[in-house]
Every structure is written in C-alpha cells, then in structure tokens.
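Undergrad: Okay, handing you the structure first.
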Amino acid sequence: MKEKPLVSSLLITFFLGGMELTVSGSFNLLIATSLGYPAGEELILSSYLAGTVIGSFVFGLLVDRLGRKRVLEAGLLIFALASLLISLSNNIMIFLLILLFQGMSIGGDSVAGSVMIVEMISQKLRGKMFVILSTIWFAGDLAASILGLVLLSHFPSYLAWRVAYAIAGVIVIPFALIRFFLRESEVWAERGKERVSLTETKGLILSLTIISSLDSIITYVFPFIVIPDFVGPYLGLNQVEAASFTDEAFIWGTLASIIGGFTVVPLLIDKLSRKRSVILGHGYMALAFLFLVFSIAAKNQMAIFISFGALSLLSPLGLFAVSLLAVEVFPASARGKVNGLISGVSSIVSAVIPPGLFALGFLLGAIPETALMGGLAMVNVLTISLNKITDTRKLRMDEIERMYHEV
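So the sequence shown is numbered by our numbering: it starts at 268 and just counts up by one.
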C-alpha cells in the first residue's frame with residue numbers, strides 16, 4: 268500500500284488518543300493530589316474532553332480551509348509538545364491548560380485523519396482501514412490500563428503519571444515527522460475550494476448528529492455509570508467488590524471490541540451498505556442490551572460479562588458506520604466541517620447528559636437504566652431508517668464529488 272506512512276502516523280494517533288483519555292481518567296486523583304489540589308480530580312478528565320470538543324470544531328474548519336496535510340502536521344506536533352510539558356508540570360492550572368491543548372490536538376487530529384483516510388485510500392480498502400483505525404483507539408484504552416499497573420509497580424505515584432505522559436510524547440515524535448513527507452489529498456487540492464450546496468443533506472447531517480450523540484451517551488453511561496454505580500450494588504457487592512467487578516467487565520468489553528474490530532466488523536463494513544451497517548450494528552446493540560437486562564435480573568456475574576462482551580463484539584459496526592458516513596458522503600469542501608460539527612456536538616452531549624442519567628438511575632435502578640440504553644439504540648435504528656442515503660462504499664471519491672453541484 269503506497270499510503271503506509273499516512274496509515275502508520277494515523278494509527279499511532281488513534282492509539283495514543285485512547286491511551287491518554289484512559290490515563291487522564293484513571294490517574295486523575297493521583298495527578299490532582301501530587302499537584303497539591305485533590306479537589307481538582309474531576310477537572311482533569313473534563314479539561315481533556317473539553318479540548319477534544321474545541322479541537323473537533325476548530326480543526327474541522329481548518330482542514331477544509333488550509334488542507335489536510337498542514338492540519339495533520341500541526342496536530343501531532345502540538346500533541347508531542349503538550350505531552351512532554353504535562354510531564355514537567357508542577358501547577359494544577361498550568362497542567363489543566365496544557366491538557367486542554369493535548370485534548371484539542373487529539374480531537375482535531377481524529378477529524379483530519381478520518382478525512383484523509385477516506386480521501387487517500389481506495390474504495391476497496393477505505394471502509395476496512397477506517398474500522399481498523401477506530402479499533403486502535405480501544406487498543407490504546409487497554410494499553411493504558413496495563414501501562415498504569417506497570418508504572419505504579421515501578422515508580423512512586425507522583426512520578427508514574429509523569430512517565431506515562433512523557434512516554435506518549437516521545438513515542439509520537441517520529442510519527443509527527445513522517446507527516447511532513449506525506450502527500451496532500453488530491454481530492455481536496457482539486458475540489459476543496461469549490462462552493463457546493465448542502466441543502467439536500469441537512470436532514471442527513473441532523474440525523475447523523477443525533478445518532479452520534481446517542482451513541483456517545485450509550486458508550487459513556489453504561490460502562491462508566493450503570494455498571495459501577497448501579498449494577499454492582501444491585502448484585503449486592505461492596506465498594507471494593509464493585510470496583511473489581513467493573514474492571515473485569517471493562518476487560519471483557521475492551522477485548523471483545525478489539526477482536527470484533529479486527530475480524531467481523533471489517534468484513535461486514537464493505538459487504539453491507541453504510542446505512543444497513545448502521546441498522547444492523549444498532550439493532551444488534553439493542554438486542555444485546557436485552558440479554559444484559561436478563562443477566563442482571565438473574566444476578567449472574569458471568570452471564571453479565573459474557574453479555575457485555577457480546578454487546579461489544581459487533582456493536583462497533585454501527586458506531587463506525589456512522590462515523591464513516593459523517594465523512595464519506597459529503598463533498599471535499601465541507602467534509603472537515605461536517606465531521607467536526609458532528610464529533611463536537613456528540614462530545615458535548617456526552618459531557619452534559621450523563622449526570623442527568625446518573626441521577627435518573629437512582630430513581631429507575633440498574634435494570635430499567637440498562638433497558639434505556641437499548642431503547643436509545645433502537646431510536647438510532649429508526650432515525651437512520653428515515654434517511655435516503657446513497658451507497659458510497661464502492662464509489663471513487665471523484666464520483667462522490669460529482670453528486671454535488673457547485674454554486
């Protein structure tokens with residue numbers, strides 16, 4: 268494949284994106300305490316997530332205005348510099364500010380990278396490559412968990428998190444340099460300055476934003492709120508036992524996502540139209556949540572682990588198909604803006620809505636809250652079903668561009 272340098276530089280970005288998100292979330296108390304501000308624990312993950320939102324919007328605009336290559340060059344350099352500066356931070360406010368920039372670089376780089384992959388990879392491979400890139404994020408999550416255990420066993424807690432950020436900053440440097448030798452997207456060079464009408468796609472943009480936002484709620488609320496705060500206590504577990512139960516569930520889910528992302532999902536993503544992939548993935552997700560409801564009601568921990576693993580195995584088909592649609596079906600002059608808009612809005616929703624669902628969980632309990640997640644998946648099935656979407660999986664990018672009329 269002639270685009271190996273592009274793919275390798277994007278793989279490391281998606282991997283480190285998942286890794287740094289998990290590091291910021293799992294080390295947040297250690298970081299806040301070592302910087303002399305234990306009350307700032309929740310601000311750490313919030314700062315990173317706020318950065319990803321800003322990065323999605325800003326880089327989405329810049330990737331259409333300045334080109335894919337320039338934005339990708341800047342994104343990874345910002346990440347490397349921010350990671351190294353974070354490892355040297357001795358002040359909580361400076362740490363949070365730099366972490367905001369690191370989050371911006373990851374959020375923006377994900378938008379620019381998705382656009383570049385779709386435009387530079389042939390129609391035969393772009394679906395599979397998009398899925399593999401997205402799956403690498405889960406691998407970064409898993410690597411961060413392992414790295415955390417290793418570092419905490421070899422370094423005092425006040426140094427472990429610094430080493431984690433420093434490792435990320437050093438690893439990424441050669442991949443940042445590779446980007447200066449990449450080719451600019453020919454699709455953007457030829458079509459990126461055209462003004463085209465998106466009137467006919469407004470309904471699809473709204474639908475994809477709704478689906479992506481509901482997906483962000485499901486993928487955040489169930490593993491990070493429902494399992495530890497409601498399922499654990501429902502099973503009669505104490506705080507320590509509930510934490511152990513949650514960790515084991517995460518392992519089952521993450522491993523299943525990685526296995527599915529490298530096996531069945533890449534096969535299906537190009538066998539089915541993007542619309543059918545969204546429907547199948549979310550329909551499967553709703554069914555898997557139904558099995559989870561029965562497993563929780565039976566208070567069978569192993570059944571819960573198996574059901575959660577089954578949920579995580581094929582559900583990424585729907586999640587990734589939505590992300591791919593948000594890039595692939597739009598013209599080069601608006602591809603970054605649309606992708607940035609959808610990513611940014613869904614990130615905001617994932618930050619704003621979960622606290623309300625957490626409060627609702629105390630009223631509903633573990634089983635109704637789990638059933639609600641399945642209900643949201645079915646809403647996504649209905650939402651995508653209302654849209655007429657051109658099957659773009661076998662179309663070259665120039666054929667997709669001709670679907671739009673210049674104004």
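Idealized CB from N, CA, C, for every residue including glycine.
Bear in mind the structure is a predicted one, so any value in this text is a computation, not a measurement.
Determine the burial state of PRO305: buried for a count of at least 16 other Cβ atoms within 10 Å of its Cβ, exposed for fewer.
TA: The residue in question, PRO305, is exposed, as its Cβ has fewer than 16 Cβ neighbours within 10 Å.
Undergrad: Skipping 5 residues on each side, what residues in its chain have a beta carbon closer than 6 Å to that of ARG543?
TA: Here the set comprises nothing.
Undergrad: Give the DSSP-derived three-state secondary structure of PRO598 in the structure shown.
TA: Here PRO598 sits in coil by DSSP.
Undergrad: Are the CB atoms of SER617 and ILE478 within a distance shorter than 8 Å?
TA: No, they are not a contact pair.
Undergrad: Looking at PHE326 and GLY307, is the spacing between their C-beta atoms short of 8 Å?
TA: Not closer than 8 Å, so no.
Undergrad: What residue range does the alpha helix (DSSP H) around PHE572 cover?
TA: Taken as a continuous stretch (DSSP letters only), the alpha helix (DSSP H) holding PHE572 covers 568-581.
Undergrad: Is it buried or exposed, GLN506, if we count other Cβ atoms within 10 angstroms and call 16 or more buried?
TA: Looking at its Cβ environment, which holds fewer than 16 other Cβ atoms inside 10 Å, GLN506 is exposed.
Undergrad: Which two residues bound the contiguous alpha helix (DSSP H) that contains THR319?
TA: Its alpha helix (DSSP H) spans residues 308-332.
Undergrad: Rounded to whole angstroms, what's the CA-CA distance from LEU584 to ASP537? Just pull it up for me.
TA: Straight-line Cα distance between these residues: approximately 11 Å.
Undergrad: Candidates SER401, GLY503, ILE494 and TYR487: which alpha carbon is nearest THR280's?
TA: Nearest C-alpha to THR280: SER401.
Undergrad: For ARG383 versus SER474, is the C-beta spacing smaller than 8 Å?
TA: Residue identity differs from the one stated: residue 383 is Met in this sequence, not Arg. Going by C-beta atoms, MET383 is not nearer than 8 Å to SER474.
Undergrad: Under 8 Å, do SER350 and GLY436 count as touching if we go by C-beta distance?
TA: Going by C-beta atoms, SER350 is nearer than 8 Å to GLY436.
Undergrad: Taking the alpha-carbon positions, what's the GLY459 to ASP331 distance?
TA: One C-alpha to the other measures close to 7 Å.
Undergrad: Just to confirm, are LEU449 and PRO272 a CB contact at a threshold of 8 Å?
TA: Yes, Cβ-Cβ distance for LEU449 and PRO272 is below 8 Å.
Undergrad: If GLY548 sits next to SER582, beta carbons under 8 Å apart, how far is it from one beta carbon to the other, in whole angstroms?
TA: About 6 Å; that satisfies the 8 Å criterion.
Undergrad: If distances are taken between C-alpha atoms only, which option among VAL385, TYR432 and PRO423 comes closest to THR289?
TA: The shortest C-alpha separation from THR289 is found at TYR432.
Undergrad: So the alpha helix (DSSP H) SER372 belongs to, where does it begin and stop?
TA: First-last of the alpha helix (DSSP H) with SER372: 359-387.
Undergrad: Between which two residues does the alpha helix (DSSP H) harbouring ARG541 extend?
TA: 541-564 is the extent of the alpha helix (DSSP H) around ARG541.
Undergrad: Can you find the residues in the same chain that come closer than 6 Å, C-beta to C-beta, to GLY611, ignoring five residues on each side of it along the sequence?
TA: For GLY611, where only same-chain residues beyond five positions count, the Cβ hits under 6 Å are VAL320, SER323 and PHE324.
Undergrad: Helix or strand or just coil, what does DSSP make of ASP482?
TA: The answer is helix: DSSP assigns ASP482 an H, G or I state.
Undergrad: Kindly indicate which residue of SER424, GLY334, ILE403 and SER275 has the alpha-carbon position closest to the one of LEU296.
TA: If we check each option's Cα against that of LEU296, SER424 comes out closest.
Undergrad: My understanding is that SER524 touches PHE405, with C-beta atoms under 8 Å, so please give their C-beta distance in whole angstroms.
TA: Between PHE405 and SER524 the Cβ distance is about 5 Å, and since that is below 8 Å, they are a contact.
Undergrad: Would you identify the three-state DSSP class for PRO423, choosing helix, strand or coil?
TA: Looking at PRO423 - three-state DSSP - the assignment turns out to be coil, as it is neither helix nor strand.
Undergrad: Considering only the alpha carbon of each residue, which of LEU624, LEU662 and VAL589 lies closest to SER652?
TA: Checking every option, the nearest Cα to that of SER652 belongs to VAL589.
Undergrad: What residue from LEU559, PHE442 and LEU283 has the CA that sits closest to VAL493's CA?
TA: It is LEU559.
Undergrad: Can the beta-carbon of VAL498 be found less than 8 Å from the beta-carbon of ALA633?
TA: In this structure, ALA633 lies closer than 8 Å to VAL498 by Cβ.
Undergrad: For LYS391, report the span of its alpha helix (DSSP H) as first-last.
TA: No alpha helix (DSSP H) holds LYS391; DSSP gives it neither H nor E.
Undergrad: Leaving out the 5 sequence neighbours to the left and right, which residues in its chain are closer than 7 Å to VAL674 when beta-carbon positions are compared?
TA: Here the model assigns VAL674 a pLDDT of 49, short of 50, so the residue's position is not dependable, and the following value carries that caveat. Closer than 7 Å at Cβ, skipping near neighbours: ARG462, VAL463 and SER464.
Undergrad: Is the separation between the beta-carbon of THR650 and that of VAL596 shorter than 8 Å?
TA: For THR650 and VAL596, no; Cβs fall outside 8 Å.
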